[in-house]
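Asks: Supplied in structure tokens, the structure appears directly below.
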Amino acid sequence: MLTLPTVDFCGLSPTRLIIGANPFGGFSHQNPERDAEMVAFNTPEVIRETWARAEAAGINTMITNNETPHVLGAVTEYLAASGPLQWIAQMSDRAYPSMNDAVDRAVSIGCKALYFHGGIVDGLYAEQDADTLRDWVDHAQGLGLPVGVAGHAPETHYWVDSLDLVDFHVVCFFNCGSLHAGKGHRFRLADFAPAAECCRRIAKPCIAYKIMAAGRIDPLMAFEYAFENIKPIDVVNVGIHRGDRDDMVEDDVAIVRGILER
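Sequential numbering of the sequence shown, starting at 14, is according to the working numbering.
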């Protein structure tokens, strides 16, 4: 098995393509019917099979949230069985007594790094609430983990970067924070360049996500733009729904390998 190129990412060595999990949990960012289709297809067994195929194709890292029950259950079983993909956890406290409890649970399952959900961090930015973020980061870093933040607009990341608290940033290529604000989906090509510039301006490692605008952009075009416009130390996270095409994992890896070998 030929692994994709890796980078030094806060002491970890992830491949430059990471497999995400929005399709597993039914977060299509398209419509409710599409959400339901993804949930029905992505049973825990299918999720674990997709991870096995990702590993066989050359990916060594996965990202999932910490709150979708069947996805978190699959992660727990996978890591308990010594699954080889390393887990970066997206943190929310919606299903936990507190964010620190959520972090403790993810660490007990076996995450290697974690970051706080973009919608939550967007809210902290809106309130200029650095104290809450500092408390969460201090707790997680005290457990020996690299800690990052997601955010749906560059302004959120520039604010967090000015505080010099976190180890990495998870940058959304489309400012779809409107969804979390209850205003529906918003995917505009005008967001693409500012997000890529954000990755370049922030010196710390970045994970670029939603580079395909939740399935709205051709994969080859999206991967080329992302890798040509982020830093060499940055990586890309994409969700994969094999219900659309069974060999999507292998196709995406082949595209990324071809781009990185040019």
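All C-beta atoms in this analysis are idealised placements derived from N, C-alpha and C, irrespective of residue type, glycine included.
#1: Just checking my contact of residue 249 with residue 29 at CB under 8 Å: how many whole Å lie between their CB atoms?
#2: Using the three-state DSSP reduction, which class does residue 271 fall into: helix, strand or coil?
#3: Any chance you could list the alpha helix (DSSP H) runs of at least 4 consecutive residues sitting entirely within the stretch 144-213, in chain order?
#4: Restricting to Cα atoms, I'd like to know which of 40, 61, 175, 57 is closest to residue 51.
#5: Excluding sequence positions up to five away, which residues of its chain have a Cβ less than 6 Å from the Cβ of residue 149?
#6: Would you list the one or two residues that DSSP bridges to residue 104?
#7: Identify the continuous alpha helix (DSSP H) that holds residue 221 and give its terminal residues.
#8: Is residue 25 buried or exposed, if buried means 16 or more other CB atoms sit within 10 Å of its CB?
#9: Rounded to the nearest angstrom, what separates residue 125 and residue 75 at their Cα positions?
#10: Any idea what DSSP makes of residue 30, helix, strand or coil?
#11: Please report the distance separating the alpha-carbon of residue 196 from that of residue 169.
#12: Give me the Cα-Cα distance between residue 263 and residue 271, rounded to the nearest whole angstrom.
#13: Check whether the Cβ of residue 212 lies closer than 7 Å to any heavy atom of the ligand FAD, and answer yes or no.
#14: Which ranges does the alpha helix (DSSP H) cover as unbroken runs of at least 4 residues, wholly within the stretch 227-266, from first to last along the chain?
#15: Under 8 Å, do residue 211 and residue 183 count as touching if we go by C-beta distance?
#16: Could you name the residues that DSSP lists as bridge partners for residue 78?
#17: Specify, as a first and last residue, the run of the alpha helix (DSSP H) that residue 35 falls within.
#18: Cβ of residue 120 within 8 Å of Cβ of residue 158?
#19: Just the Cα atoms here: how many angstroms apart are residue 257 and residue 33?
#20: Which two residues bound the contiguous alpha helix (DSSP H) that contains residue 52?
#21: Rounded to whole angstroms, how far is the Cβ of residue 252 from the Cβ of residue 35, which I believe are closer than 8 Å?
#22: Pop quiz: residue 181 and residue 220 are said to be a contact at Cβ under 8 Å. What is the actual Cβ separation, rounded to whole angstroms?
Replies: Answer, in terms of the structure:
#1: 7 Å
#2: helix
#3: 167-176, 190-193
#4: 40
#5: 112
#6: 129
#7: Residue 221 -> not in any alpha helix (DSSP H); beta strand (DSSP E) instead, spanning 219-222.
#8: buried
#9: 10 Å
#10: strand
#11: Per-residue confidence for residue 196 stands at a pLDDT of 46, beneath the threshold of 50, marking its modelled position as unreliable; the derived number appears in the next sentence. Cα to Cα, residue 196 sits roughly 18 Å from residue 169.
#12: 12 Å
#13: You won't find the ligand FAD in this model; it holds no ligand whatsoever.
#14: 232-242
#15: no
#16: 103
#17: 35-38
#18: yes
#19: 16 Å
#20: 45-54
#21: 4 Å
#22: 7 Å
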